[in-house]
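To start, the structure itself, in structure tokens.
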Amino acid sequence: MKFANGRLVALGGAVLLLASGCNALSGGDSSGDGTDGGTTDPLAEEMRSWPGGCDVLDNLQPIVDYMQIQEIDGGALNNNAWGEGMDGEALTCNGLVTVKSFELADGTISENDGELWGGIVPWENEDQAKASYTQRTVDDIEGLKEQDSTLQVIEEIPLGDEWDEGKLIVMDREFEWALTLIGRQGQWLFYAEVNYNHDTGEELYNENSDILPGSEEDYAYPFDDAALQQWLVEEYAPSVNQMINDRIGQE
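Mind the numbering: the sequence shown is residues -24 to -1, 1 to 227 in mature numbering (1 follows the signal peptide of the UniProt record, and there is no 0), read in order.
Here you go:
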């Protein structure tokens, strides 16, 4: 397999450059994989021809709405067609966000920031998709842990039966939560990454409620960490699976 694309795995501003593994993802003989003059698989060709990841994934709006994101950097997420973004194997939708801002006692504004990613990764066959799933859920996570000694995997929550395999990897580092959801169906993958600061606003209010204006809801996140994780697994992942399957064959 002769993909020239590399991909960048980002975690809260820390970026790890990974090559698109020629041997790991080739599944053996490269004939017919569409990379050296062979015939491209029709499903892979269709999915790679889709518009940008934000177009397909509704701008990650369900996540934005659930978390009640206050602001998206630049006004919109970055919308990339297949092979155009930092993840050269995927159609992607990503950007930096302000999850919550609040006013301190001296009148200055403090922000709790985050980063959202969504991607669809079409492969030529199921073997390549399986290898990619393993790389992204095992090798990439190990690479991130080597890069950041504070990163810990807290829990891995399996996705529903609509996926051939899938999980939500819940990670914590010094100042933030890092959630990586990834599912495989046949020869394609979907992933979503939700990285956001620990809720310093709630902590601040609880420690200084006597001198801060407003109430706790003016400072704390409007969602619970565990509830967000449950929603991603039980509601968001199945809805995206259905959305992608509904689109297949429509263009």
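For each residue, glycine too, the CB sits at the ideal point set by N, CA and C.
Predicted, not measured: the structure shown is a model, and the values here were computed from it.
Short CB-CB distance (under 8 Å) between residue i and chain C
{"i": "residue 211", "result": "In the structure shown, chain C does not exist; there is a single protein chain."}
Coil, strand or helix - residue i by DSSP
{"i": "residue 149", "result": "coil"}
{"i": "residue 34", "result": "helix"}
{"i": "residue 48", "result": "strand"}
{"i": "residue 180", "result": "helix"}
{"i": "residue 116", "result": "helix"}
{"i": "residue 10", "result": "Summary for residue 10: the model assigns pLDDT 46, below 50, so the residue's position carries little reliability, and this model does not support an answer."}
{"i": "residue 228", "result": "Lying outside -24 to 227, the shown extent of the chain, residue 228 is not represented and no answer is given."}
{"i": "residue 87", "result": "strand"}
{"i": "residue 138", "result": "coil"}
{"i": "residue -8", "result": "Bear in mind that a pLDDT of 41 at residue -8, under 50, signals an unreliable position, so the number given afterwards is only what the model happens to contain. Residue state, collapsed to three classes: strand."}
{"i": "residue 210", "result": "helix"}
{"i": "residue 20", "result": "helix"}
{"i": "residue 194", "result": "helix"}
{"i": "residue 82", "result": "coil"}
Residues that DSSP places opposite residue i in a beta bridge
{"i": "residue 28", "result": "Paired residues: none, contrary to the question."}
{"i": "residue 71", "result": "92"}
{"i": "residue 169", "result": "93, 156"}
{"i": "residue 125", "result": "The partner list for residue 125 (beta bridge, DSSP) is empty, contrary to what the question assumes."}
{"i": "residue 98", "result": "164"}
{"i": "residue 76", "result": "88"}
{"i": "residue 106", "result": "For residue 106, which the question treats as bridged, DSSP gives no partner whatsoever."}
{"i": "residue 144", "result": "133, 157"}
Element boundaries [beta strand (DSSP E), containing residue i]
{"i": "residue 203", "result": "No beta strand (DSSP E) holds residue 203; the alpha helix (DSSP H) holding it covers 201 to 207."}
{"i": "residue 128", "result": "128 to 134"}
{"i": "residue 55", "result": "54 to 56"}
Residue range of the unbroken alpha helix (DSSP H) whose run includes residue i
{"i": "residue 218", "result": "213 to 223"}
Nearest residue (CA-CA) to residue i, options the options
{"i": "residue 22", "options": "198, 202, 86, 164", "result": "164"}
{"i": "residue 132", "options": "198, 114, 18", "result": "114"}
{"i": "residue 70", "options": "206, 83, 103, 40", "result": "40"}
{"i": "residue 111", "options": "222, 158, 83, 207", "result": "158"}
{"i": "residue 235", "options": "49, 148, 38", "result": "Limits of the chain in this structure are -24 at one end and 227 at the other, which puts residue 235 out of reach."}
{"i": "residue 149", "options": "122, 43, 142", "result": "122"}
{"i": "residue 209", "options": "134, 98, 176, 47", "result": "134"}
{"i": "residue 80", "options": "202, 68, 196", "result": "196"}
{"i": "residue 101", "options": "116, 194, 18", "result": "18"}
{"i": "residue 142", "options": "109, 45, 50", "result": "109"}
{"i": "residue 154", "options": "217, 117, 180", "result": "117"}
{"i": "residue 193", "options": "206, 176, 120", "result": "176"}
{"i": "residue 97", "options": "62, 46, 49, 67", "result": "67"}
Open item on the list: With three or more C-beta pairs closer than 8 Å as the rule, is the region 74 to 82 touching the region 24 to 39?
Closed with: No, because fewer than three Cβ pairs between the region 24 to 39 and the region 74 to 82 fall closer than 8 Å, the two stretches do not touch.
- [ ] Take every Cβ of the region 137 to 150, pair it with every Cβ of the region 207 to 219, and state whether three or more of those distances are shorter than 8 Å.
- [x] With three or more CB-CB distances shorter than 8 Å, the region 137 to 150 counts as touching the region 207 to 219.
TODO: Pair every Cβ in the region 162 to 178 with every Cβ in the region 86 to 95, then say whether three or more of these pairs are closer than 8 Å.
DONE: Two segments are said to touch when three or more pairs of C-beta atoms, one from each, lie closer than 8 Å; by this definition the region 162 to 178 touches the region 86 to 95.
Task: Cβ pair count under 8 Å reaching 3, the region 24 to 31 against the region 42 to 60 - done: Yes, the region 24 to 31 is in contact with the region 42 to 60.
Task: Any 3 or more C-beta pairs closer than 8 Å across the region 105 to 114 and the region 149 to 164 - done: Cβ pair count under 8 Å is three or more, so yes.
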